[in-house]
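Next comes the structure, spelled out in structure tokens:
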């Protein structure tokens, strides 16, 4: 299941669950736990009425239970209720899944079984997976790549009834990476902190409430490098060097490696087209959303393919120096400044 399909299926399942349409079994898995956890929470909220929950909602953990206990719970009858719910969290820790697989041959019509594989894909080779596909719902959520995060953040805020400026989305993506749960929590924090009725989250809001500087951040650094603004690039690098806990060198190198790898991909796509592909179209093919592709396109203009490849090599060398003694007595700030100089040379 690709990322687009998973979001579409999530929306469809959420609608069905909200309308009281349930499957006998849900297998919720994937490296990105945000959507599976949301679905599990929604099922727990809607499947059993609050006054029925004490006797008809069972929550088990894969580390503390076994397949026989799960099946036994599923085969019980609901107590003065239409159905009962059995939720198994951390299901990836379970052994002897065949017993649950056998249960799915004839699942109880009055039981909803939810198996949550936290932060992990389910093994598609198992009979449990195959039977869950046949008699229930399988939902898998792949982890989103970092380049998709600003756009995802825009859509997430829109689903919450708010807008967010592109610069603010970039800052939040830099802060949270591709951790959707962290972004969700920060969105809640922003909603509580902002004035009631505020329709759009700005970069100022992000800076004030989350603590990310609008002037000194990875996005500003890559933007400065893309346009060869050496004064700005070195100023940001110095700030990073003075704030190693907030901007550790390894994190910075990771972002720079990702950025210039995308620039290299743009060059490769243009070369592969015989020079007929426009930079913006090449950026789109490289997976970059047009609202955030500007710095990558600028960098592709500023640095040719050969230079881009040498920059990537310099980033790798800087990473090596930072993890070994080959950097001598140079601090992480010194190593970053040296790297910036090589990039701009």
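Numbering (my numbering), first residue to last: 61 to 405.
Beta carbons are placed, not taken as given, at the ideal position from N, Cα and C, and that holds for glycine.
The structure displayed is predicted, hence computed values, not measured ones.
Buried or exposed (CB count within 10 angstroms, at least 16 for buried), residue i
{"i": "residue 144", "result": "buried"}
{"i": "residue 201", "result": "buried"}
{"i": "residue 158", "result": "exposed"}
{"i": "residue 277", "result": "buried"}
{"i": "residue 191", "result": "buried"}
{"i": "residue 355", "result": "buried"}
{"i": "residue 80", "result": "exposed"}
{"i": "residue 124", "result": "exposed"}
{"i": "residue 312", "result": "buried"}
{"i": "residue 459", "result": "Limits of the chain in this structure are 61 at one end and 405 at the other, which puts residue 459 out of reach."}
{"i": "residue 391", "result": "exposed"}
{"i": "residue 221", "result": "exposed"}
Backbone CA spacing between residue i and residue j [nearest angstrom]
{"i": "residue 382", "j": "residue 305", "result": "15 Å"}
{"i": "residue 400", "j": "residue 328", "result": "24 Å"}
{"i": "residue 348", "j": "residue 77", "result": "34 Å"}
{"i": "residue 385", "j": "residue 405", "result": "25 Å"}
{"i": "residue 212", "j": "residue 269", "result": "20 Å"}
{"i": "residue 245", "j": "residue 258", "result": "18 Å"}
{"i": "residue 378", "j": "residue 331", "result": "28 Å"}
{"i": "residue 112", "j": "residue 319", "result": "52 Å"}
{"i": "residue 402", "j": "residue 290", "result": "11 Å"}
{"i": "residue 335", "j": "residue 256", "result": "51 Å"}
{"i": "residue 93", "j": "residue 129", "result": "25 Å"}
{"i": "residue 68", "j": "residue 98", "result": "14 Å"}
{"i": "residue 135", "j": "residue 87", "result": "18 Å"}
{"i": "residue 302", "j": "residue 66", "result": "42 Å"}
{"i": "residue 198", "j": "residue 214", "result": "27 Å"}
{"i": "residue 351", "j": "residue 239", "result": "21 Å"}
Delimiting residues of the beta strand (DSSP E) encompassing residue i
{"i": "residue 115", "result": "No beta strand (DSSP E) contains residue 115, which is instead part of the alpha helix (DSSP H) from 113–116."}
{"i": "residue 171", "result": "171–176"}
{"i": "residue 89", "result": "85–89"}
{"i": "residue 144", "result": "144–149"}
{"i": "residue 199", "result": "197–200"}
Cβ pair residue i, residue j closer than 9 Å
{"i": "residue 167", "j": "residue 196", "result": "yes"}
{"i": "residue 107", "j": "residue 176", "result": "no"}
{"i": "residue 155", "j": "residue 100", "result": "no"}
{"i": "residue 243", "j": "residue 216", "result": "yes"}
{"i": "residue 287", "j": "residue 362", "result": "yes"}
{"i": "residue 393", "j": "residue 293", "result": "no"}
{"i": "residue 235", "j": "residue 272", "result": "yes"}
{"i": "residue 96", "j": "residue 178", "result": "yes"}
{"i": "residue 342", "j": "residue 360", "result": "yes"}
{"i": "residue 133", "j": "residue 146", "result": "yes"}
{"i": "residue 161", "j": "residue 188", "result": "yes"}
{"i": "residue 152", "j": "residue 184", "result": "no"}
Residue i: first and last residue of the uninterrupted alpha helix (DSSP H) it sits in
{"i": "residue 323", "result": "309–332"}
{"i": "residue 107", "result": "From DSSP, residue 107 is part of no alpha helix (DSSP H); its letter is neither H nor E."}
{"i": "residue 404", "result": "392–404"}
{"i": "residue 295", "result": "290–302"}
{"i": "residue 184", "result": "From DSSP, residue 184 is part of no alpha helix (DSSP H); its letter is neither H nor E."}
{"i": "residue 226", "result": "226–236"}
{"i": "residue 269", "result": "263–270"}
Interface flag, residue i vs chain C, CB-CB below 9 Å
{"i": "residue 88", "result": "Although the question refers to chain C, the structure presented lacks it and comprises just one protein chain."}
- Query: Given 8 Å as the limit, is there contact between the segment 355–369 and the segment 322–332, that is, 3 or more CB pairs closer than that?
  - Reply: yes
- Query: So does the segment 244–263 actually touch the segment 224–234, counting three or more Cβ pairs closer than 8 Å?
  - Reply: yes
- Query: Within the chosen definition, does the segment 101–121 reach the segment 203–211 through at least 3 CB pairs nearer than 8 Å?
  - Reply: no
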